[in-house]
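Step one of this worksheet: look at the structure below.
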Amino acid sequence: MAELLSKANRELGRDLSDAITQAKETEENGRAVQVLACLEENLRAAKETGLPICQDTGMAVVFIDLGAEVVLEGEPLQAAVDAGVRRAYLDGGMRCSVVRDPLYHRENTGDNTPALIHLRIVPGDRVTVTVAPKGFGSENMSRMKMFTPAATDADILAFVVETVRLSGGNACPPLVVGVGLGSDFEGCAALAKRALLRPIGEHHEDPQYAALEARMLREVNRTGIGPQGFGGRTTALAVSVLTAPTHIAGLPCAVNISCHVNRHASGIL
Numbered sequence: 058m059a060e061l062l063s064k065a066n067r068e069l070g071r072d073l074s075d076a077i078t079q080a081k082e083t084e085e086n087g088r089a090v091q092v093l094a095c096l097e098e099n100l101r102a103a104k105e106t107g108l109p110i111c112q113d114t115g116m117a118v119v120f121i122d123l124g125a126e127v128v129l130e131g132e133p134l135q136a137a138v139d140a141g142v143r144r145a146y147l148d149g150g151m152r153c154s155v156v157r158d159p160l161y162h163r164e165n166t167g168d169n170t171p172a173l174i175h176l177r178i179v180p181g182d183r184v185t186v187t188v189a190p191k192g193f194g195s196e197n198m199s200r201m202k203m204f205t206p207a208a209t210d211a212d213i214l215a216f217v218v219e220t221v222r223l224s225g226g227n228a229c230p231p232l233v234v235g236v237g238l239g240s241d242f243e244g245c246a247a248l249a250k251r252a253l254l255r256p257i258g259e260h261h262e263d264p265q266y267a268a269l270e271a272r273m274l275r276e277v278n279r280t281g282i283g284p285q286g287f288g289g290r291t292t293a294l295a296v297s298v299l300t301a302p303t304h305i306a307g308l309p310c311a312v313n314i315s316c317h318v319n320r321h322a323s324g325i326l
């Protein structure tokens, strides 16, 4: 946990850094090119100095795929994960951003715990751990809507584009946009968060949804918000859709916004 969180906060994935470089090469707006060049410089500086990519080192979101043949011994899973979070943030000099109560008692916990854990039981004898420290400049721009089954793909597309438009430059574009469709209220939001883990360049396995992702990305980039809100054609680097079965009476849709620092790192035990 400690190693993965430290790595995720200091080294952006190759797919994302390459996407920023590609965007700079195809961008036509001069200010946008300058901003993208600054983002590249920031990534290089973080790698060379060992400093975090962003001052908001995020709330620790952890995805664990636990093999059904695995037996975990020792302290409870939450305690073990939190111990790794504590070590990463305190020993690594990363900002602690978690408060113990959301409304009345917003005192900082002092060690960035507790982590938020998404646990799945999967076949096999291994444990896959993926950390996704999530900053709230972009998280605060996320939205959810409970559509009726009468909604069309055009309605879903419009909601995604509207969410990005409302975020403006506040979410530090260029963005990665995770979209969850289906499940129920909380399941849909989890889908949208998990969608952010998909590598840039990969798409939904269903051709219809893959086409919808392409349409969403195209329309998002037509908003003209651009890198850091200075205008241009690169408002988002990718839109990723994850789907799940849902109730006959509903069509939940969640949009989870990430800035270009869409951090995550994985390891297998």
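In case it helps, this note's numbering puts the sequence shown at residues 58 to 326. From the three backbone atoms N, C-alpha and C, an ideal C-beta is built for every residue, glycine too. Bear in mind the structure is a predicted one, so any value in this text is a computation, not a measurement.
Going by Cα to Cα distance, which pick from the options is closest to residue i?
i, options, result
"Ala-295", "Glu-98, Arg-152, Leu-232", "Leu-232"
"Leu-248", "Thr-78, Tyr-161, Phe-120, Val-277", "Phe-120"
"Asn-86", "Ala-208, Ala-103, Asn-278", "Asn-278"
"Gly-239", "Cys-310, Ser-195, Glu-196", "Cys-310"
"Ser-199", "Gly-244, Lys-250, Asp-72", "Lys-250"
"Asp-241", "Asp-113, Pro-133, Ala-301", "Ala-301"
"Ile-213", "Ile-282, Asp-113, Leu-274", "Leu-274"
"Ala-329", "Ala-306, Asp-122, Val-118, Val-155", "The structure shown has nothing for residue 329, since the chain only spans 58 to 326."
"Gln-135", "Leu-173, Thr-187, Glu-126", "Leu-173"
"Arg-67", "Asp-210, Phe-287, Thr-114, Cys-95", "Thr-114"
Please report how far the alpha carbon of residue i lies from the alpha carbon of residue j, in whole angstroms.
i, j, result
"Lys-81", "Thr-291", "9 Å"
"Gly-124", "Gly-289", "45 Å"
"Val-151", "Met-58", "Rather than Val, the amino acid found at residue 151 in this sequence is Met. C-alpha separation (whole angstroms): 14 Å."
"Glu-14", "Cys-153", "Given that the chain is displayed from residue 58 to residue 326, the structure contains no residue 14 and the question cannot be resolved."
"Arg-234", "Ile-314", "Strictly speaking, residue 234 in this sequence is Val, with Arg absent from that position. Distance between the alpha carbons of Val-234 and Ile-314: 5 Å."
"Pro-180", "Thr-78", "38 Å"
"Pro-109", "Glu-97", "14 Å"
"Arg-222", "Glu-130", "48 Å"
"Glu-262", "Glu-164", "44 Å"
Per DSSP, what kind of secondary structure is residue i in: helix, strand or coil?
i, result
"Val-155", "coil"
"Leu-147", "helix"
"Arg-88", "helix"
"Gly-124", "strand"
"Arg-177", "strand"
"Pro-264", "helix"
"Cys-111", "coil"
"Ala-65", "helix"
Beta carbon of residue i: closer than 7 Å to some heavy atom of the ligand GTP?
i, result
"Glu-105", "Ligands in the displayed structure: none, and consequently the ligand GTP is not present."
### Query
How do the segment 293 to 307 and the segment 266 to 280 stand: do at least 3 beta-carbon pairs fall below 8 Å, yes or no?
yes
### Message
Could you check whether the segment 129 to 143 touches the segment 156 to 175, counting it as contact only if at least three pairs of C-beta atoms, one from each stretch, sit closer than 8 Å?
### Response
yes
### Query
Along the chain, which unbroken stretches of the beta strand (DSSP E) at least 3 residues long are found entirely within the segment 191 to 244?
200 to 204, 232 to 240
### Message
Taking contact to mean 3 or more Cβ pairs, one atom from each stretch, closer than 8 Å, check whether the segment 316 to 323 and the segment 176 to 196 are in contact.
### Response
yes
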